[in-house]
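*Asks:*
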Amino acid sequence: MTSREEILRRVRDGLKSLPDDERTVPVPRHYRKEPREVSAADRSALVELFVQRLKHYGAQPVPAIEPDLADTVDTVLRAHGATSVTAPDGLPEEWLGRWAETDGHRIVADRARRFTGDLDRVDAVITTCAGADADSGTIVLDGGPGQTRRDSTLIPGFRLCVVRTDQIVSSLPEILDRLDSRRPITFIGGPSASVDRALSRDRGESDPRQLIVVIVE
Numbered sequence: 001m002t003s004r005e006e007i008l009r010r011v012r013d014g015l016k017s018l019p020d021d022e023r024t025v026p027v028p029r030h031y032r033k034e035p036r037e038v039s040a041a042d043r044s045a046l047v048e049l050f051v052q053r054l055k056h057y058g059a060q061p062v063p064a065i066e067p068d069l070a071d072t073v074d075t076v077l078r079a080h081g082a083t084s085v086t087a088p089d090g091l092p093e094e095w096l097g098r099w100a101e102t103d104g105h106r107i108v109a110d111r112a113r114r115f116t117g118d119l120d121r122v123d124a125v126i127t128t129c130a131g132a133d134a135d136s137g138t139i140v141l142d143g144g145p146g147q148t149r150r151d152s153t154l155i156p157g158f159r160l161c162v163v164r165t166d167q168i169v170s171s172l173p174e175i176l177d178r179l180d181s182r183r184p185i186t187f188i189g190g191p192s193a194s195v196d197r198a199l200s201r202d203r204g205e206s207d208p209r210q211l212i213v214v215i216v217e
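Going letter by letter, the sequence shown gives residues 1 to 217 in full-length UniProt numbering.
1) I'd like to check one pair, ASP110 with ARG149: are the Cβ atoms closer than 8 Å?
2) What did DSSP end up calling SER84 once you bin it into helix, strand or coil?
3) Check GLN60 in the structure and name its three-state DSSP category.
4) Alpha carbon to alpha carbon, how far is PRO143 from ASP89?
5) By a C-beta neighbour count over all protein chains shown, 10 Å radius and 16 as the cutoff for buried, is GLN210 buried or exposed?
6) Note down, in chain order, each residue of its chain lying with its Cβ closer than 7 Å to the Cβ of SER170, except the 5 sequence neighbours on either side.
7) Going by DSSP, name the residue or residues bridged to THR186.
8) At which residues does the beta strand (DSSP E) containing ALA132 begin and terminate?
9) Give the straight-line distance between the Cα atoms of SER39 and ASP166, rounded to the nearest whole angstrom.
10) When you compare only the Cα positions, how much space is there between TRP99 and GLU174?
11) Between which residues of its own chain and THR83 is the CB-CB distance below 8 Å, once the five residues before and five after are set aside?
12) I'd like the span of the alpha helix (DSSP H) that includes THR148, first residue to last.
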């Protein structure tokens, strides 16, 4: 018997000795699940906290306003030398319209059954999101419109995610009820990172991954 099996045996034996009404213990859950109404000042503070968390985890936040969103996407993609971009179903066509006008720039449809090697040959992926948590700097995707399949989101080295300020909430539980549990859910907390022995975060000189988050007012 392994140590794990011995521990589980002791737990089972301990539970058998308890009366039936004591075997199930209610777990208090006092965290907020419903988004609260926030003032303009509170919304600004949430956005600022989200920006700070993104920077801490090595992501690059870029502010934008709705009328200039296509221009912002075009500027970001050109600055990173992207010539091929995966565009998921449901992504507004106008977001990539200006960038796609340049010869040599191609939009790659996000299709199923794509091989990993095909994804490696795509420079970037652009997505929307299902929500974002300011407290942890986490972006959540649930495969909805404009959000791609999971492999298309994680394999390309350059990711551009569009987050609207009204999608930013104060804690992760507030996002969970918005998600479609029938779809694969992806949590993104930064490009990628390693942790050294002193537990300080270090992206490393050899890590090419980049996450740009366009935050739209």
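Note that CB positions come from ideal geometry on N, CA and C, so glycine has one too.
*Replies:* Quick answer:
1) Sequence index remark: in the sequence shown, residue 149 carries index 149 (1-based). Sequence index remark: in the sequence shown, residue 110 carries index 110 (1-based). Against a cut-off of 8 Å, the Cβ pair of ASP110 and ARG149 comes out as a contact.
2) Position 84 of the sequence shown, counted from the start, is the residue given in the question as residue 84. DSSP places SER84 in strand when its eight states are reduced to three.
3) The residue given as residue 60 occupies position 60 in the sequence shown. Three-state DSSP puts GLN60 in a strand.
4) In the sequence shown, the residue the question calls residue 143 occupies position 143. In the sequence shown, the residue the question calls residue 89 occupies position 89. Sequence inspection shows Gly at residue 143; the Pro mentioned does not correspond to that position. Spanning the two alpha carbons is a distance of roughly 10 Å.
5) Working through the sequence shown from its first residue, we reach residue 210 at position 210. Looking at its Cβ environment, which holds 16 or more other Cβ atoms inside 10 Å, GLN210 is buried.
6) Locating residue 170 in the sequence shown gives position 170, counting from the first residue. Closer than 7 Å at Cβ, skipping near neighbours: LEU46, ALA134, ASP135.
7) Mapped onto the sequence shown, residue 186 falls at position 186. Partner(s): LEU141.
8) Residue mapping note: residue 132 aligns to position 132 of the sequence shown, counting from 1. It spans 131-133 - the beta strand (DSSP E) in which ALA132 sits, taken as one unbroken run.
9) Position 39 of the sequence shown holds residue 39. Position 166 of the sequence shown holds residue 166. Each residue's Cα considered, the two are about 11 Å apart.
10) To locate residue 99, count along the sequence shown from 1; it is residue 99. To locate residue 174, count along the sequence shown from 1; it is residue 174. Those two C-alpha atoms are separated by around 35 Å.
11) Counted from its first residue, the sequence shown places residue 83 at position 83. Closer than 8 Å at the Cβ level, and outside the excluded window around THR83, lie GLY104, HIS105, ARG106, ASP123.
12) Your numbering for residue 148 matches position 148 in the sequence shown. Neither: THR148 is in no alpha helix (DSSP H) and is coded neither H nor E.
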